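According to my numbering, the residues represented by the sequence shown are 22 to 68, in order. Step one of this worksheet: look at the structure below.
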Amino acid sequence: KEERAKVGIQIAAELIKGMKNICRGIHIMPLGWERYVPELLDVSGLV
Numbered sequence: 022k023e024e025r026a027k028v029g030i031q032i033a034a035e036l037i038k039g040m041k042n043i044c045r046g047i048h049i050m051p052l053g054w055e056r057y058v059p060e061l062l063d064v065s066g067l068v
């Protein structure tokens with residue numbers, strides 16, 4: 022499961038980075054994966 026989370030975080034971070042200049046915000050719905058949100062925010066450069 023940790024490997025799936027790592028890959029999911031990388032994919033989500035790439036999408037966030039790609040849309041950063043064309044969107045005014047994002048809505049993250051982790052659906053049971055809440056513990057990975059801080060890492061996602063860090064990897065995507067949002068914090």
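Virtual Cβ for every residue (Gly too), placed ideally from N, Cα, C. Quick caveat, the model's predicted, so the values are computed rather than measured.
Taking all protein chains shown into account, do 16 or more other C-beta atoms lie within 10 angstroms of the C-beta of ILE30, making it buried, or fewer, making it exposed? Mapped onto the sequence shown, residue 30 falls at position 9. When all chains shown are included, ILE30 counts as buried.
Check each candidate in LYS38, LEU61 and ILE49 and name the one with the smallest Cα separation from VAL28. Looking up residue 28 in the sequence shown gives position 7. Considering only alpha carbons, the answer is LEU61.
Could you tell me the distance, in whole angstroms, from the CA atom of ILE43 to the CA atom of SER65? Locating residue 43 in the sequence shown gives position 22, counting from the first residue. Locating residue 65 in the sequence shown gives position 44, counting from the first residue. If you take the alpha carbons of ILE43 and SER65, they lie about 15 Å apart.
Are the CB atoms of ILE47 and MET40 nearer to each other than 9 Å? Locating residue 47 in the sequence shown gives position 26, where the first residue counts as 1. Locating residue 40 in the sequence shown gives position 19, where the first residue counts as 1. Yes, the pair counts as a contact, with Cβ atoms nearer than the cut-off.
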